[in-house]
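Asks: Heads up: the sequence shown begins at 1 in UniProt numbering, then just goes up one per residue. Note that CB positions come from ideal geometry on N, CA and C, so glycine has one too.
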Amino acid sequence: MAIRKYKPTTPGRRGSSVADFSEITRSTPEKSLIRPLHGTGGRNAHGRITTRHKGGGHKRAYRLIDFRRHDKDGVNAKVAHIEYDPNRTARIALLHFLDGEKRYIIAPVGLSQGDVVESGANADIKPGNNLPLRNIPTGTTVHAVELRPAVAPSWLALPVPVSSCWVRKAPTPPCACPAVRSVVSTCAAAPPSARSATPSRPTSTGARPAVCGGRASAPPSVVS
1 MAIRKYKPTT PGRRGSSVAD FSEITRSTPE KSLIRPLHGT GGRNAHGRIT
51 TRHKGGGHKR AYRLIDFRRH DKDGVNAKVA HIEYDPNRTA RIALLHFLDG
101 EKRYIIAPVG LSQGDVVESG ANADIKPGNN LPLRNIPTGT TVHAVELRPA
151 VAPSWLALPV PVSSCWVRKA PTPPCACPAV RSVVSTCAAA PPSARSATPS
201 RPTSTGARPA VCGGRASAPP SVVS
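#1: Closest to LEU131 by CA distance: which of ASN44, LYS72, GLY47 is it?
#2: In its own chain, which residues sit with a C-beta less than 7 angstroms from the C-beta of ARG52, not counting the 5 before and 5 after it?
#3: Please tell me whether ARG63 and ASP85 are closer than 8 angstroms, where the distance is taken between their beta carbons.
#4: Distance, Cα to Cα, LEU158 vs ASN44?
#5: Hey, could you find the ends of the beta strand (DSSP E) residue 230 is sitting in?
#6: Closest to LYS59 by C-alpha separation, out of LEU133, GLY74, GLY39, would be which residue?
#7: What residues in its chain sit with their C-beta under 8 angstroms from that of ASP20, if we drop five residues either side in the sequence?
#8: For a test of the three-state rule: what should DSSP assign to ARG40, helix, strand or coil?
#9: Going by other Cβ atoms of all chains shown within 10 Å of its Cβ, with 16 needed for buried, is THR28 buried or exposed?
#10: CA-CA distance, PRO11 and SER119?
#11: If GLY47 and GLY206 are in contact, beta carbons under 8 angstroms, what's the gap, nearest whole angstrom?
#12: Tell me where the beta strand (DSSP E) around VAL79 begins and ends.
#13: Could you pull out every residue in the same chain whose Cβ sits closer than 6 angstroms to the Cβ of PHE97, ignoring the five residues on either side in sequence?
#14: According to DSSP, is LYS59 part of a helix, a strand, or is it coil?
#15: Kindly indicate which three-state DSSP category LYS5 falls into: helix, strand or coil?
#16: What is the DSSP secondary structure of THR141, counted as helix, strand or coil?
#17: Would you mind working out which of ALA93, SER112, GLY57 sits nearest ILE105, comparing C-alpha positions?
#18: Contact defined as beta carbons within less than 8 angstroms: I believe GLY139 pairs with PRO108. What is the distance between those atoms, to the nearest angstrom?
#19: Which residue from LEU95, ASN122, GLY110 puts its Cα closest to that of HIS143?
#20: Going by DSSP, which residues form a beta bridge with ALA207?
#21: Work out the CA separation of PRO209 and THR198 for me, nearest whole Å.
#22: For a quick check, are the C-beta atoms of ARG91 and ILE82 less than 8 angstroms apart?
As structure tokens, this is what we get:
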């Protein structure tokens, strides 16, 4: 995902950037893989504000992402589309499996429309494939790493090249991100942002503007 930077033609444009949507191949999501998403506006069940600066924004639909793919080991899938997901900064890929099922996955850098991906211990080392850490060569950039085997990935869910698997022969090979964490070798992993310059732009994402600074000083009293 490329980032396009604006020229500083105005004070609001200075330092701003947007995501490049050139890799998007489809504008409408798969209807069978979306669910309604209701916002709280930062309120709890009693209607009281528990989280400030939340509310509003565009209406969204949640895309069901398959982070595990353990039940699809050995089944090849073709990347039908690369789509935009408003609920995350990464792109998502729509997979068409050979058995007819459709699923969404996080689209790593290098994955394009028409590629064939697979999961399992014998999968090739290429973007989009999912296989155990012990089968990934040392120094390979990975994403969507499981902290426990057969549990949905909760670490490095975004396809950014910041984690490198070092020692794959150990029972818990360390991964640098840049902090070093030990992960069970049977955990699966997948081998290989925009900046707002004005406070009003994040409003469409559901973030309300925050007023910085203390209280305004009271006007001086008038002595009669």
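Replies: Based on what the coordinates show:
#1: Comparing alpha-carbon positions, the option among ASN44, LYS72, GLY47 lying closest to LEU131 turns out to be LYS72.
#2: Once the five neighbours on either side are set aside, the close Cβ partners of ARG52 are GLY42.
#3: yes
#4: Its pLDDT being 46, under 50, LEU158 is placed unreliably by the model, and the measurement read from it follows with that caveat. Rounded to the nearest angstrom, the two C-alpha atoms are 29 angstroms apart.
#5: This structure gives no information on residue 230, because the portion of the chain shown stretches from 1 to 224.
#6: When each option's Cα is compared against that of LYS59, the closest is GLY39.
#7: MET1, ALA2, ILE3, ARG4
#8: Before going on, a small fix: residue 40 reads as Thr here, not Arg. Coil at THR40, not helix or strand.
#9: exposed
#10: 48 angstroms
#11: At roughly 18 angstroms, the Cβ-Cβ gap does not stay under 8 angstroms, so GLY47 and GLY206 are not in contact.
#12: 77–83
#13: VAL75, ALA77
#14: coil
#15: strand
#16: strand
#17: ALA93
#18: Not a contact, Cβ separation roughly 17 angstroms.
#19: Of the listed residues, the one whose Cα sits closest to HIS143 is GLY110.
#20: LYS54
#21: Each residue's Cα considered, the two are about 10 angstroms apart.
#22: It is a contact, given that the beta carbons lie within the stated cut-off.
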